[in-house]
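Residue 11 in full-length UniProt numbering sits at position 11 of the sequence shown; the count goes up by one each step and never skips.
Note that CB positions come from ideal geometry on N, CA and C, so glycine has one too.
Below is one structure, written out as structure tokens; the observations come after it.
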Amino acid sequence: MAIRIHDLQPAPGAKKAKTRVGRGEGSKGKTAGRGTKGTKARKTVPAAFEGGQMPLQLRVPKLKGFKPHNKLVYQVVNLDRLVELFPEGGEVGPEQLIEVGVLNKKELIKVLGSGELEGVKFDLKAHAFSASATTKVAAAGGSTVVVDKRTGEALSE
1 MAIRIHDLQP
11 APGAKKAKTR
21 VGRGEGSKGK
31 TAGRGTKGTK
41 ARKTVPAAFE
51 GGQMPLQLRV
61 PKLKGFKPHN
71 KLVYQVVNLD
81 RLVELFPEGG
91 EVGPEQLIEV
101 GVLNKKELIK
111 VLGSGELEGV
121 KFDLKAHAFS
131 ASATTKVAAA
141 GGSTVVVDKR
151 TGEALSE
């Protein structure tokens with residue numbers, strides 16, 4: 001006898017009836033798998049709800065990183081640029097750089113050691129110096145003077 005499609009059926013125990021929760025006490029009724037009492041037993045609560053505490057997505061800052069309000073921003077001047085502007089060397093400070101048009105009146109200057117002095121002697125005044133700039137100026141026979149950021153007076157010789 002041949003097997004027909006309408007004769008096929010699953011093996012015994014393979015099909016299990018779906019549990020119908022909340023349909024009377026005879027079939028997993030009463031609490032319907034929600035436990036007893038409490039908010040979650042009575043209604044659905046969003047997953048992000050923290051019981052009235054300020055939620056995590058509102059506690060975490062919205063902007064990434066940290067921006068200090070009193071950050072010092074320097075106008076950078078390299079040694080090779082100083083050699084271009086002042087080929088004879090001499091005393092160079094904020095006033096001379098403002099006259100040449102390298103920087104504005106209220107900007108702070110930092111001298112960096114990029115480039116060579118080519119034997120030109122400088123007596124530099126600036127608000128900050130990189131270590132390489134200080135060594136290169138000293139090697140050429142010049143000097144570096146750190147100037148106060150507010151008053152403009154020399155701090156160190």
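Item	Value
Let me make sure I understand the geometry here. Which of LYS125, LYS136, PHE129 and THR134 has the alpha-carbon closest to that of ALA154?	LYS125
Would a C-beta distance cut-off of 8 Å place LEU117 and GLN75 closer than the cut-off?	no
Would you report the Cα separation of GLY119 and LYS64, rounded to the nearest angstrom?	47 Å
Taking the straight line between their C-alpha atoms, what separation do you get for VAL83 and LYS67?	35 Å
Indicate the three-state DSSP secondary structure (helix, strand or coil) for ILE3 in the structure shown.	coil
Pick from GLU91, VAL102, ILE3 and VAL146: whose alpha carbon is nearest that of LYS121?	GLU91
To which residues of the same chain is residue 164 closer than 7 Å at the C-beta, ignoring the five residues directly before and after it?	Since the displayed the chain opens at 1 and closes at 157, residue 164 lies outside it and no answer follows.
Would you list, in sequence order, the uninterrupted alpha helix (DSSP H) runs of no fewer than 4 residues that lie entirely inside the segment 59 to 90?	79 to 85
Just tell me which of GLN57, LYS136 and THR36 has its CA closest to the CA of ASP123.	LYS136
Closest by CA to GLY51, which one among THR39, VAL60 and LEU58?	THR39
Find the nearest neighbour of GLY93 within the set SER143, ASP7 and THR44, judged by alpha-carbon distance.	SER143
Thinking just about the alpha-carbon of each residue, which of VAL146, SER132, GLY33 and ALA32 is nearest to the one in ASP80?	SER132
For ALA41, which three-state DSSP category applies?	helix
Which stretch, first to last residue, makes up the alpha helix (DSSP H) that contains SER132?	131 to 139
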